[in-house]
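Each number in the working numbering corresponds to the 1-based position in the sequence shown with 3 added.
Idealized CB from N, CA, C, for every residue including glycine.
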Amino acid sequence: MRCPFCHADKDSLKVIDSRACDGDRAIRRRRECLNCKKRFTTYERVEGSIKLTVVKADGRRVPWDRQKIVAGLSRATFKRPVPDEALQRLAEEVEEECFASHDREVPTAEIGRMVAERLRRLDQVAYVRFASVYRQFNTLDELIEAAQNVIDARRFEDPGQGRLFIDPAGINGVASETPPAAKPRGKAKRPPADD
Ligand SMILES: [Zn+2]
C-alpha cells in the first residue's frame with residue numbers, strides 16, 4: 004500500500020486508530036502518512052464476502068474495492084472543505100446502491116455516475132475535478148459545459164443550505180428552522196409560546 008496523496012511507500016504509513024466496523028466483518032484503520040502528514044482510512048475484510056466484479060472501460064475485470072472510490076474522492080477533494088467522514092459515507096452509499104442494483108458485475112462508468120451525482124451536492128469544485136477524470140473530457144468546452152451545469156443546478160438545489168428544497172413559507176404559516184436572529188418577515192401564524 005502507498006500513500007494516496009504523495010505515493011510514499013508503506014514504511015511511511017502509521018496506523019493511528021483501528022476499530023471493528025460493518026458488524027465486526029471488517030476493520031477500519033485510520034492512517035497517517037509521515038511523509039506528507041495527510042490522513043486516510045483503509046478497510047480490511049475477508050475476501051469472498053464481497054462478490055461484485057467491476058468492469059473497467061477497457062473490459063478488464065477487477066474485484067469490488069470501496070477503497071478505490073475513497074481514493075478517487077480524496078484526490079478530487081484535495082484542499083477542499085469536505086470532511087473525511089463525508090467521503091467515507093458517500094463511498095458506503097455508492098457501495099450499497101451498487102450491491103442492491105447489481106448482483107454480479109458493475110461497469111466503472113456507472114460507479115462514476117453514482118459517485119459524481121452525490122459529490123455534486125457535497126462540493127461543486129470537487130465534482131468538476133472528479134467528473135473531469137471519470138468522464139475524460141476531450142475539450143475544454145466539454146469541461147466548461149459540465150461546470151456550467153453545476154452552477155445551474157446550484158440555483159435550484161441551494162446546497163449552501165444543505166437541503167434540496169426551500170420550504171414555501173407562508174403556505175401553511177409554519178416556516179421550518181427559522182434562525183433566532185432572523186428578521187421577522189411577514190406575519191406567520193405561530194402558536195403562543197407560553198400556553
Ligand atoms: Zn503521503
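Residue span of the alpha helix (DSSP H) that contains residue i, given as start and end
i    : result
L93  : 87–104
R123 : 111–125
Residue nearest to residue i in terms of C-alpha spacing, selected from the options
i    : options               : result
G115 : R22, K59, D144        : K59
S77  : E148, P7, A150        : P7
R48  : Q70, T56, R64, R34    : Q70
E113 : V73, E100, R123, R124 : E100
R32  : D20, V57, I72, C24    : D20
Q9   : E108, N38, A129, H105 : The sequence given here has Cys at residue 9, not Gln. Closest by alpha carbon: N38.
V65  : A29, T111, E96, K41   : T111
K13  : C36, Y130, S135, A29  : C36
D25  : R34, Y46, K40         : Y46
M4   : F43, A29, R28, P86    : F43
L122 : R22, R92, D155        : R92
A129 : A119, Q151, A79, D155 : A79
P86  : K41, W67, V57         : K41
P84  : A74, D126, L55        : D126
D106 : W67, A150, R28        : W67
Helix, strand or coil at residue i [DSSP, three-state]
i    : result
L55  : coil
D144 : helix
A60  : coil
R83  : coil
S135 : helix
F168 : Any reading at F168 must be qualified, since the residue scores a pLDDT of 40, below 50, and its modelled position is unreliable; the value itself is stated next. Coil at F168, not helix or strand.
P7   : coil
G173 : Because the pLDDT at G173 is just 34, under 50, the model does not fix this residue reliably, and the value given afterwards should be weighed accordingly. Looking at G173 - three-state DSSP - the assignment turns out to be coil, as it is neither helix nor strand.
Contact test: residue i Cβ vs ligand 1 heavy atom, cutoff 7 Å
i   : result
A11 : yes
K17 : no
F8  : yes
K82 : no
K41 : yes
C36 : yes
Unbroken beta strand (DSSP E) run spanning residue i, endpoints
i    : result
R32  : 29–36
K71  : Here K71 belongs to no beta strand (DSSP E); instead the alpha helix (DSSP H) covers 69–79.
D20  : 16–24
R107 : Unbroken run through R107: none, as it is neither H nor E.
F43  : 42–48
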